[in-house]
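Enquirer:
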Amino acid sequence: MNKKQIAVFEKRGYDNAVFATGFSKTKADACVDKIYKLYREQLKIDGWYDVQPTNEEGEPRNFDEDKVNYVDLVKDIDFKDRRSLFFKELNEDEHNFLEKYVVYGKHLLEEGKLDARCVYTKDTDAYRDLCKNIVGQEEMKETLCKLGAVFSYSQKRKMYDINTADIHKVFAFIGPPGTAKTTSARYFARMMSEEGVLSGHRTVYVTGTQLKAKYVGQTASRVHDIFTDNDIIIIDEAYSLVNYNEAAKTDSFSQEALAQLCIEVEEHSYDKLIIFAGYGGDIDEKQNKMKRFLDENPGISSRITFTVNFSSYNADEMLDIFELLASNVNYDIEDGWREILKPFFEDRIHAPNFGNGREARRLLEHAMSVAAQRYIEWEMNHHDFASEGERERAEKKQLTSLTCEDIQEAVREFLYAETVIRGRE
């Protein structure tokens with residue numbers, strides 16, 4: 021749906037609200053401004069902007085350029101949700117205006133006229149952000165595009181009133197540690213919402229252990245509330261609910277959570293986006309926790325429709341990840357750093373505890389530690405500058421530079437830490 025169509029719908033909603041409430045143009049415009057200000061804030065609270073979107077120049081996009089328009093407001097607003105900022109911040113007259121403002125759009129939504137659009141995955145801002153911020157993982161990206169096509173295809177069939185079976189929106193994101201599974205899940209949730217597949221954007225991210233309540237008998241209702249209150253449910257490390265120690269049984273809290281999880285996944289597989297993320301795929305059998313979890317919980321595994329596979333990074337990709345992470349925090353790296361880190365990563369990718377992207381993050385943090393010490397030593401030496409501006413430029417250069425010596429020392433610190441942690445292993 022293009023901007024002109026949205027503007028037409030918004031104008032009709034606006035005129036309807038002004039006529040019904042008797043607001044002056046000045047008062048109505050102020051109310052509309054407040055509504056969209058609250059909508060932006062609500063999007064933040066609901067997790068829509070967990071992953072900071074950027075424009076083509078790599079700069080953060082303004083909210084006005086994003087998912088803030090009349091059609092999306094109509095789709096997202098829920099007058100029964102007493103937690104929303106609309107309920108808390110609008111006075112009685114403003115709330116009445118809001119109801120009249122969106123009632124026209126709600127009517128169009130019920131008639132199916134707001135869903136007459138087909139946005140393709142590769143055209144979404146979320147997909148462009150994913151490609152910009154996640155190195156490699158071409159198989160994963162291609163899979164997400166194919167999945168997006170499935171739902172767009174289904175949407176198109178419905179536009180022509182073709183009898184169409186609803187598709188379960190239950191996914192498993194599986195791969196080795198540090199391969200951006202949960203981050204990709206968040207991007208995918210944004211893609212699906214941009215494509216108009218989801219009815220809302222309220223997002224929750226929980227681990228398996230967070231599904232359990234503190235007291236006996238409360239876990240089932242906790243799991244139920246998580247599914248009721250959210251549109252996108254990302255469950256990381258669901259296998260933490262299960263005790264794989266043969267000498268001990270899975271505790272009653274976990275059993276209750278697993279039982280309710282099966283119920284919720286079955287009931288909400290069409291109207292919610294549900295993603296299970298965890299270790300699996302092409303990794304050591306002992307570490308393939310998702311496989312064991314799904315093998316031992318057929319009630320859940322049988323409800324997962326699609327699986328997205330993540331692979332370990334190679335040495336060149338690790339270099340790209342390190343560079344991306346450094347760039348994200350405004351570091352300039354001295355030329356020659358790749359020649360230093362290439363053999364380091366070529367060795368690390370074969371280590372039994374290789375953490376993929378997390379290794380690049382750990383190494384960067386070691387480099388930052390070295391750079392910090394170098395800066396303190398530089399600052400303690402009194403320098404004569406011709407002007408305050410020259411001093412500030414020199415300081416900024418020191419604060420934003422990583423030298424080859426920094427990188428070399430960071431590698432030594434990283435390997436020493438590994439020796440301490442793993443001992444003689």
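In terms of my numbering, the sequence shown is numbered consecutively and its last residue is 445. Here a beta-carbon is modelled for each residue, glycine too, at the ideal position from N, C-alpha and C. Computed from a predicted structure; not experimentally measured.
#1: Determine the direct distance from the alpha carbon of Q238 to that of I255, and round the result to whole angstroms.
#2: Can you give me the C-alpha to C-alpha distance between S272 and E286, rounded to a whole angstrom?
#3: First and last residue of the alpha helix (DSSP H) that includes G319?
#4: Round the Cβ separation of E257 and G298 to the nearest angstrom and send it over; I've been treating them as touching at under 8 angstroms.
#5: Could you name each continuous beta strand (DSSP E) segment of 3 residues or more that falls completely within the stretch 310–383, going from the start of the chain to the end?
#6: In the DSSP assignment, the alpha helix (DSSP H) including I55 goes from what residue to what residue?
#7: When burial is assigned at 16 or more other CB atoms within 10 Å of the CB, is A380 buried or exposed?
#8: How far does the beta strand (DSSP E) with Y299 in it reach, from first residue to last?
#9: Evaluate the contact criterion for the stretch 96–115 versus the stretch 139–155: three or more CB pairs, one atom per stretch, below 8 angstroms.
#10: To the nearest angstrom, how far is it from the Cα of A414 to the Cα of L345?
#11: Only counting the same chain, and skipping five residues up and downstream in sequence, which positions put a Cβ closer than 7 angstroms to that of V38?
#12: Which runs of the alpha helix (DSSP H) spanning at least 4 residues fall entirely within the stretch 153–237, listed in chain order?
#13: For F434, I'd like the list of residues in its chain whose CB is within less than 7 angstroms of its CB, leaving aside the five on either flank, ordered along the chain.
#14: Between which two residues does the alpha helix (DSSP H) harbouring I441 extend?
#15: Taking the beta strand (DSSP E) that D251 belongs to, which residues open and close that run?
#16: Report the three-state DSSP secondary structure of S241 (helix, strand or coil).
#17: If we ignore side chains and look at the alpha-carbon of each, how far apart do R81 and Y90 end up?
#18: Less than 8 angstroms between the C-beta atoms of Q428 and Y395, yes or no?
Expert: Taking the geometry as given:
#1: In this structure, the straight-line span from the alpha carbon of I255 to that of Q238 is close to 19 angstroms.
#2: Their backbone Cα atoms lie some 21 angstroms apart in a straight line.
#3: The continuous alpha helix (DSSP H) containing G319 extends over residues P318 to S321.
#4: Yes, E257 and G298 are in contact; Cβ-Cβ is about 5 angstroms, under 8 angstroms.
#5: Within the stretch 310–383, the complete beta strand (DSSP E) runs of at least 3 residues are 326–329.
#6: Segment K45 to I65, the alpha helix (DSSP H) holding I55.
#7: That one is buried.
#8: From DSSP, the beta strand (DSSP E) with Y299 extends over L293 to Y299.
#9: No, they do not touch.
#10: Distance between A414 and L345, taken at the CA atoms: about 23 angstroms.
#11: Contacts found: A48.
#12: Assignment of alpha helix (DSSP H) within the stretch 153–237, counting only whole runs of 4 or more residues, yields 158–179 and 201–214 in chain order.
#13: Taken in chain order, the residues that qualify are R382, L383 and H386.
#14: In the DSSP assignment, I441 falls within the unbroken alpha helix (DSSP H) covering C424 to R442.
#15: In the DSSP annotation of this structure, D251 is not part of any beta strand (DSSP E), being labelled neither H nor E.
#16: In the three-state scheme derived from DSSP, where H, G and I count as helix and E and B as strand, S241 is classed as helix.
#17: Any reading at R81 must be qualified, since the residue scores a pLDDT of 48, below 50, and its modelled position is unreliable; no value is offered.
#18: Cβ distance not < 8 angstroms, so Q428 and Y395 don't count as in contact.
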